[in-house]
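Trainee:
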Amino acid sequence: AQSVTQLGSHVSVSEGALVLLRCNYSSSVPPYLFWYVQYPNQGLQLLLKYTSAATLVKGINGFEAEFKKSETSFHLTKPSAHMSDAAEYFCAVGAYTGGFKTIFGAGTRLFVKA
Amino acid sequence: NAGVTQTPKFQVLKTGQSMTLQCAQDMNHEYMSWYRQDPGMGLRLIHYSVGAGITDQGEVPNGYNVSRSTTEDFPLRLLSAAPSQTSVYFCASNHRDASYEQYFGPGTRLTVT
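Residue numbers (this note's numbering), protein chains in the order written: chain A, 342 to 455; chain B, 763 to 875.
And the structure:
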């Protein structure tokens, strides 16, 4: 079975500071891992995904994430936060275990201070 | 392409009423899913479908029905609305492979009084 834990329901950073959003996963089969972003009153959109091709994955808007199997982690980072990054971020794990399932974490809301 | 569309955007129901949330996609995706989003709980899978005529239950299926008569449409029916079903509902679709990301609709905000 798959599960996802996002550490910290809220993260606050100053504009220009490093963004680090933490995600740990559990999966009984090799996982596919995703980060999605949700802006207010909108649906989710994909930031980046890991599909075993490379452990460091680059996404849109300057975000990247590193897959670390030994730590079962897939943390999301961005070197310099921008005000427009304020949103809710969801880590998700997908796997085919007799049927397709994607499990989402509880989400982390990112606040960016001027 | 319109992507994934959902109607209505907002709905208020009284306890015990029934209604159908509509979802359609024009990307010829095999998989479609319904999620509900509640504060602090992320997205929870209600029902999903791997193709026309095939549906299965997700994490929180009670009180909801689905059917998939065409590739494009995947309506979600609330049989007898309860206040616990107050939530934001998202429909999503993706290709038949867990490596493919999901495409989400804009959501339906449902309030049950």
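Ideal Cβ positions, reconstructed from N, Cα and C, are used throughout, including at glycine.
Bear in mind the structure is a predicted one, so any value in this text is a computation, not a measurement.
Ignoring anything shorter than 3 residues, give me the beta strand (DSSP E) runs that lie fully in the stretch 384 to 433 of chain A, in order along the chain.
Mentor: 385 to 391, 397 to 399, 405 to 409 and 414 to 419
Trainee: If you run the structure through DSSP and keep just helix, strand and coil, what is GLN864 of chain B?
Mentor: In this structure, GLN864 of chain B counts as coil in the three-state DSSP scheme.
Trainee: With 8 Å as the threshold, decide whether the Cβ of GLN773 of chain B is near any Cβ in chain A.
Mentor: no
Trainee: Comparing alpha-carbon positions, which option in A:ILE444, A:TRP376 and A:ALA436 lies nearest MET803 of chain B?
Mentor: When only C-alpha atoms are compared, the closest one is A:ILE444.
Trainee: With a 10 Å radius around its C-beta and 16 neighbouring C-beta atoms as the bar for buried, classify VAL774 of chain B as buried or exposed.
Mentor: The residue in question, VAL774 of chain B, is exposed, as its Cβ has fewer than 16 Cβ neighbours within 10 Å.
Trainee: So GLU863 of chain B contacts chain A; which residues on that side make the cut at Cβ distance below 7 Å?
Mentor: PHE375, LEU387 and LYS390
Trainee: Just how far apart, CA to CA, sit LEU872 of chain B and VAL850 of chain B?
Mentor: 6 Å
Trainee: Under a Cβ-count criterion, where at least 16 other Cβ atoms within 10 Å of its own Cβ denotes burial, should ALA455 of chain A be classed as buried or exposed?
Mentor: Around the CB of ALA455 of chain A, fewer than 16 other CB atoms lie within 10 Å, so the residue is classed as exposed.
Trainee: Looking at C-alpha atoms only, which residue of B:VAL874, B:MET781, B:ALA843 and B:GLY765 is the closest neighbour of PRO794 of chain B?
Mentor: Before going further, note that residue 794 of chain B is Met rather than Pro in the sequence given. Cα-wise, what sits closest to MET794 of chain B is B:GLY765.
Trainee: What residues from the stretch 788 to 806 of chain B come within 7 Å of chain A, judged by C-beta to C-beta, listed N to C?
Mentor: Of all residues in the stretch 788 to 806 of chain B, only TYR793, GLY802, MET803, GLY804 and LEU805 come within less than 7 Å of chain A when Cβ atoms are compared, listed by chain position.
Trainee: Of all the options A:ALA428, A:LEU389, A:VAL434 and A:LYS390, which has the alpha carbon lying nearest to the alpha carbon of ASN365 of chain A?
Mentor: A:VAL434
Trainee: Could you tell me whether the Cβ atoms of CYS785 of chain B and LEU841 of chain B are closer together than 8 Å?
Mentor: Note that the C-beta distance between CYS785 of chain B and LEU841 of chain B is not below 8 Å.
Trainee: Does the beta-carbon distance from LEU397 of chain A to GLU412 of chain A come in below 8 Å?
Mentor: GLU412 of chain A is positioned such that its CB atom lies no closer than 8 Å to that of LEU397 of chain A.
Trainee: Return the first residue and the last residue of the beta strand (DSSP E) that VAL766 of chain B is part of.
Mentor: 766 to 769
Trainee: Below 8 Å between beta carbons: does that hold for THR848 of chain B and VAL874 of chain B?
Mentor: yes
Trainee: Mapping DSSP to helix, strand and coil, what is GLN343 of chain A?
Mentor: coil
Trainee: Which partner residues does SER795 of chain B have in the DSSP bridge list?
Mentor: B:TYR810 and B:ALA854
Trainee: Per DSSP, MET781 of chain B is paired with what?
Mentor: B:LEU840
Trainee: Quick one: list the residues of chain C neighbouring PHE852 of chain B, beta-carbon separation under 8 Å, in chain order.
Mentor: In the structure shown, chain C cannot be found, because the protein chains are A and B.
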